Amino acid sequence: MFLRRNWYVAALASELSERPIARTILGEHVAMYRNSSGQIVAVADTCPHRGYPLSLGTVVGDVLVCGYHGFTFDCGGICVAVPGQDRIPSRLSVRAYSLVEQGCWVWIWMGHGEADLSKLPATPWMTDTDNWSVVSGVAKIDAAFGLLVDNLLDLSHETFLHNGSIGTPEVATTPIEVEVDDESRVVNVYRHMANVECPPFYSDTTGLKGKVDRWQDIEYFPPGFYKLNSRIAPVGEPPLPDGSDAHAFHMKIFYGLTPSTETSVYDFWALSRDFCVGDDAVDRFLEKMQVAVVQEDVDALNILQQRINEGQELTEVSVKIDRGGLVARHMLAQLGEHEVTRLH
Amino acid sequence: MFLRRNWYVAALASELSERPIARTILGEHVAMYRNSSGQIVAVADTCPHRGYPLSLGTVVGDVLVCGYHGFTFDCGGICVAVPGQDRIPSRLSVRAYSLVEQGCWVWIWMGHGEADLSKLPATPWMTDTDNWSVVSGVAKIDAAFGLLVDNLLDLSHETFLHNGSIGTPEVATTPIEVEVDDESRVVNVYRHMANVECPPFYSDTTGLKGKVDRWQDIEYFPPGFYKLNSRIAPVGEPPLPDGSDAHAFHMKIFYGLTPSTETSVYDFWALSRDFCVGDDAVDRFLEKMQVAVVQEDVDALNILQQRINEGQELTEVSVKIDRGGLVARHMLAQLGEHEVTRLH
Amino acid sequence: MFLRRNWYVAALASELSERPIARTILGEHVAMYRNSSGQIVAVADTCPHRGYPLSLGTVVGDVLVCGYHGFTFDCGGICVAVPGQDRIPSRLSVRAYSLVEQGCWVWIWMGHGEADLSKLPATPWMTDTDNWSVVSGVAKIDAAFGLLVDNLLDLSHETFLHNGSIGTPEVATTPIEVEVDDESRVVNVYRHMANVECPPFYSDTTGLKGKVDRWQDIEYFPPGFYKLNSRIAPVGEPPLPDGSDAHAFHMKIFYGLTPSTETSVYDFWALSRDFCVGDDAVDRFLEKMQVAVVQEDVDALNILQQRINEGQELTEVSVKIDRGGLVARHMLAQLGEHEVTRLH
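Top to bottom, those sequences are chains Y, S and E.
Using the numbering used here, you'd call the opening residue of the first sequence number 1 and step up by one each time.
Using the numbering used here, you'd call the opening residue of the second sequence number 345 and step up by one each time.
Using the numbering used here, you'd call the opening residue of the third sequence number 689 and step up by one each time.
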């Protein structure tokens, strides 16, 4: 079961143009495009006539023309033209989805009924380009959503799976602290490492040599939004009581976790940093590093899913590092019960 | 369920040689070859010994030798040699199928019992090479037979799916007329377009510039044979009352619709034209165009079948352009009931 | 059902190094490696923490570190380290398997409980390198174990499937003799060919020109070990009554038949010869020939399995050449009953 009454990342803003794209989100086929007025549009990706994907059609001005027989739909999914006749049968409209563009990400509301804007995650670090530089991307993982949640909530895997880029021995050995805010439904996982090795991902961009203090503060907003507040600073230079933190380098590592089918998930990512702002070379370096990191996750999760697909019995033994993931699973289960209750 | 008591196109004549080919027709594995006497042969493509495909064997004179253990079968499917012994067990024969070669197509009778030659479609335009030039080909579509019937019975899709070759705006906007002959079991769909654009497929071969009169008269003989009588003529030059039609260019566009499995179909095609007869350059041009057109259909139907395979609920809304396809479905259903009745 | 209480070939000795390999044997995922002490190790290829394959981990000295979160296992499968904590939960160990290295092959005991060394096949021809030269290899076949047994027990297929290397007309036409030793559970199939063609596999290595006497004496030790005693000799030079056979060339063609899943099997092979001992060029020639022969079997059996996967009804007609295979099937069925009885 999917948690429908939520916002999910549906596309990178850069992916939407007058050439439609197709995504399967929460098991639903969605066609998305930007019309000639610049408006972003999402409609069900299935022509009601004979089922052809509308994403294979053509955007003509502000309407989308099906590529098989020419049935034509406006931004609201209303059928506005049928070949060979003037009368348009009433059953021919398709569902339209609410989209919101915020910086490099486009969010979609997957619930029925009106979109709840109060639930839309805030991402000012993606739009305040005077103070933050952003790179972004997306990968498709052939693994269940839950495997990606497990992965992101336990960063001790960085030491082993990502040891050439962001993983150092201290990530795995440093204990975590987990906090849950049941009211605002946020899972926090803190890992503060003092006087530790600085991995290439940060040393090559911050210029910090030798040991650093490194903080990884996760905020997970189930189901679909994850923010890792990363702080890299010279050893022994904590933030001041007033919150200022001039010696440190900050990066927000965002993930949009968007279930595609029961066994696949989109892994949207974005990196916002408050250093080397506007430096294209740093953009390219981080983008290349992050694409490699994400691919390591993709490969690992694909393998886990393949094992599940084979019918392998899943026995798990959990230890302390798993507390964040276990708490997240619990909150997702609660949200599921909540959604079911709401439907009845 | 397949409609077995019918002739289907099984191969292009050019495909049959002493090197056997394999086709799955109506769910049955069939091996076909031309023996050293030039006779065309079709037998069940499964050796009764251990199940190896006979199509992987070797034609030696007039017999087919299995490539695994050498069991040998004559043109009638009778086992005539067994390795390591003289006695041939009686259960070792395989089914032989009736084949008829007519011009560029080879037809197979898939019914049990004797082949009914009265049901074999006539295709004189494929053999009268003094007056008609022919090009032909075949594509495999990973989609159910019914999706190909839908496709061919509603040519309004030419405007959208084949707009670079045969589709013009007028195809989709011109109303059709549908006639059904329940006696001879033919579905006719007429679309007569007056004073319309001539697409490259015809303008580049007929030399007609500017507007033309264009007729598309479909005759569908369910289940497996489809003939599109295409007429291109200067504007305002109808056929004379005596049937003569000297100003016009005629093409017969044939399709052999041969179900392979429940979810795949062979799309045999042939184009016979009464102009530029014997002109190789026109042959090559039409062949290249038609291969591209067929590939556009293949891609579209494969996608529709993928959606069905995913378990997508198929809701359809039909409009006027669909009348030909709906009538064809109805006649196919009747033929199915007829075949079932006949069996009981 | 698999016959677990047996030794199977699990790897070529040359495949095991400090870089682990993964095999699925009798449906079980197994990770194998050679540790820094040179010891060969096999453990269940699934980390008990979150199910990641241990074969993707890293051998560090004598332990294997999981590539996802760093859980660490010794040669006996005991978990010896967990990230982020000192206490090691007791349920974290994985199954270890008994391995035995004998020449070019590594054997694994797949039964539960202690390995029964009395059941380990003897292969002195792989280790007596003063008198025998050996080449070896392995192929994976996407076909059920039983199809490979059928294949190897009936060598008449050499004439048709392997006619460019080891097959000659006389293999298929020469009758076989079959003997079964129910006590020692061996199936023997003898084929003695007198004054016959010498195929390239032997003529190019022995230097024998013209006709030869050729013996193929199969010993099959169900389920997993097969030995073909091949004897090539000048015509009319049988072994002497004292067993000496100085004029003949001998080759032992070994197969290790190791079920992977219900529908796949590893086809390990090794060729030990008592002629041209130490001649690298002959090694390379035989290796190349045998790889091609095995590939012909792989292709044929893959096709048979594809037919079965399609749901094709398997009807068989057996003749004299099939007696060896039928006897082998019978003995395998008996072993299966025996294993089931033993479990109850």
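We treat Cβ as the ideally placed atom computed from N, Cα and C, and that holds for glycine.
Keep in mind the model is a prediction, meaning the values are calculated, not measured.
Under the rule that a run must span 4 or more residues, the alpha helix (DSSP H) segments found entirely inside the region 957 to 1002 of chain E read 968 to 997.
In the structure shown, the three-state DSSP call for E/N694 is coil. Contact with chain Y is found for E/V770, since one of that chain's Cβ atoms lies less than 8 Å from the residue's Cβ.
Residue environment: E/R902 is assigned as buried (16 or more neighbouring CB atoms within 10 Å of its CB, all protein chains considered). When C-alpha distances from E/I941 are compared across E/K899, E/R919, E/P927, the shortest belongs to E/R919. E/N851 and S/V424 have their C-alpha atoms some 21 Å from each other. Sequence-distant Cβ neighbours of E/M798 in its own chain, meaning closer than 7 Å and more than five residues away, are R692, N694, Y696, I713, L714.
Here S/E514 has M537, V540, E541 as same chain residues with Cβ atoms under 7 Å from its own Cβ, once five neighbours each way along the sequence are excluded. When 8 Å is used as the limit between beta carbons, S/I647 is near these residues of chain Y: Y52, P53, L56, in chain order. Here E/Q1000 is exposed: its Cβ has fewer than 16 other Cβ atoms, across all protein chains shown, within 10 Å. Under the Cβ distance rule, E/E867 does not count among the residues neighbouring chain S, no pair being separated by less than 8 Å. Contacts with chain S at 8 Å (Cβ-Cβ) do not include Y/P259. What E/P863 touches in chain S, judged by beta-carbon distance under 7 Å, is G428, going in chain order. Against chain S, the CB of E/D838 has a partner CB under 8 Å away; the residue lies at that interface. Under the DSSP assignment, Y/D217 falls in the beta strand (DSSP E) whose first and last residues are 212 to 221. Y/I141 has a beta carbon lying at 8 Å or more from every beta carbon in chain E. Residues of chain Y with a Cβ closer than 9 Å to the Cβ of E/G765 do not exist, since the nearest Cβ in that chain sits about 14 Å away.
Not flagged as an interface residue toward chain S: Y/Y33, since no C-beta distance is shorter than 8 Å. The criterion of a C-beta distance shorter than 8 Å is not satisfied by E/A784 and E/C754. Apart from sequence neighbours up to five positions away, the residues of its chain that approach S/C391 with a beta-carbon distance below 6 Å are L398, C410, F415, ordered along the chain.
According to the DSSP assignment, S/L464 belongs to no alpha helix (DSSP H), since it is labelled neither H nor E.
In its chain, beyond the 5 residues on either side, R191, K320 have a beta carbon closer than 8 Å to the beta carbon of Y/P175. Within the region 197 to 213 of chain Y, not one residue has a Cβ closer than 9 Å to any Cβ of chain E.
A distance below 8 Å between beta-carbons, with the five flanking residues on each side excluded, links Y/Y52 to the following residues of its chain, in chain order: T46, C66, G67, Y68, H69.
One Cα belongs to S/G428, the other to E/V866, and the distance between them is close to 14 Å. Of the other Cβ atoms in all chains shown, 16 or more fall within 10 Å of the Cβ of E/M977; this residue is therefore buried. A straight-line Cα-Cα distance of about 9 Å links S/F545 and S/G511. If one requires a minimum length of 3 residues, the beta strand (DSSP E) runs lying completely within the region 239 to 274 of chain Y are 249 to 261, 264 to 273, in chain order. In summary, the residues of the region 653 to 665 of chain S whose CB is separated from some CB of chain Y by less than 9 Å are E654, Q656, L658, T659, E660, V661, S662, V663, K664, I665, in the order they occur in the chain. The shortest C-alpha to C-alpha distance from E/V770 to any of E/L787, E/V788, E/V751 is the one to E/V751. Of the candidates S/Q560, S/G447, S/S442, S/S442 places its Cα closest to the Cα of S/D460.
Cβ-Cβ separation between E/P910 and E/F690: approximately 12 Å, too far for a contact (criterion under 8 Å). Rounded to whole angstroms, Y/T123 and Y/M32 show a C-alpha spacing of 22 Å. Cβ neighbours of Y/L301 within its own chain (closer than 7 Å, five residues either side excluded): I141, A143, L147, L148, N151. Around E/V877, the same chain offers L841, I864, V866, I906, G1012 as residues with beta carbons nearer than 7 Å, after the five sequence neighbours per side are excluded. Close partners of E/T760 in chain S (Cβ separation under 8 Å) are lacking, with about 42 Å as the shortest Cβ gap.
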